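The structure under discussion appears below in the form of structure tokens.
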Amino acid sequence: MTEESNCLDCDKHLIIDDKDPDDWFCDDDQAVVCTLVNNLKHDPNSKNLADHSVFKSITVACRPYNIRKESSRPNWCPLLIKPEDK
Numbered sequence: 884m885t886e887e888s889n890c891l892d893c894d895k896h897l898i899i900d901d902k903d904p905d906d907w908f909c910d911d912d913q914a915v916v917c918t919l920v921n922n923l924k925h926d927p928n929s930k931n932l933a934d935h936s937v938f939k940s941i942t943v944a945c946r947p948y949n950i951r952k953e954s955s956r957p958n959w960c961p962l963l964i965k966p967e968d969k
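Position 84 of the sequence shown, counting from 1, maps to 967 under our numbering, and the rest follow consecutively.
Encoded structure:
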């Protein structure tokens with residue numbers, strides 16, 4: 884992956900349903916999670932299904948037509964970390 888690439892271009896992402904149980908309009912919302920990073924901060928009060936995933940969220944409660952725009956690679960991406968930085 885290049886520096887300016889998108890998480891959707893990486894084979895380590897996963898798109899999951901992230902519907903809002905209290906809002907019928909958001910019934911088709913999606914989330915993108917990184918399968919290389921565990922979700923260590925589970926928020927038990929969150930309504931977003933992605934926040935309860937075992938993987939770290941890249942974007943949550945995202946409209947399907949905005950998924951690429953909202954999935955730019957975060958600075959915590961493990962593919963950005965050089966071996967000498969570990």
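All C-beta atoms in this analysis are idealised placements derived from N, C-alpha and C, irrespective of residue type, glycine included. It should be emphasised that the depicted structure is a prediction, and the values quoted were computed from it without experimental measurement.
Strand pairing of residue i, partner residues [DSSP]
{"i": "Ala933", "result": "The partner list for Ala933 (beta bridge, DSSP) is empty, contrary to what the question assumes."}
{"i": "Ala970", "result": "Because the chain here runs from 884 to 969, residue 970 falls outside it and cannot be looked at."}
Integer Cβ distance of residue i from residue j, believed to fall under 8 Å
{"i": "Val943", "j": "Asn931", "result": "4 Å"}
{"i": "Val915", "j": "His935", "result": "Val915 to His935, Cβ: 15 Å. No contact."}
{"i": "Lys902", "j": "Cys893", "result": "Not really, about 24 Å apart at Cβ, beyond 8 Å."}
{"i": "Ile941", "j": "Pro957", "result": "6 Å"}
Beta strand (DSSP E) segment containing residue i, residue limits
{"i": "Ile941", "result": "Phe938 to Cys945"}
Residue from the options whose Cα sits closest to the Cα of residue i
{"i": "Ser929", "options": "Cys890, Arg956 and Pro904", "result": "Pro904"}
{"i": "Asp912", "options": "Lys952, Ile899, Lys924 and Leu923", "result": "Ile899"}
{"i": "Leu891", "options": "Ile950, Cys960, Cys945 and Leu962", "result": "Ile950"}
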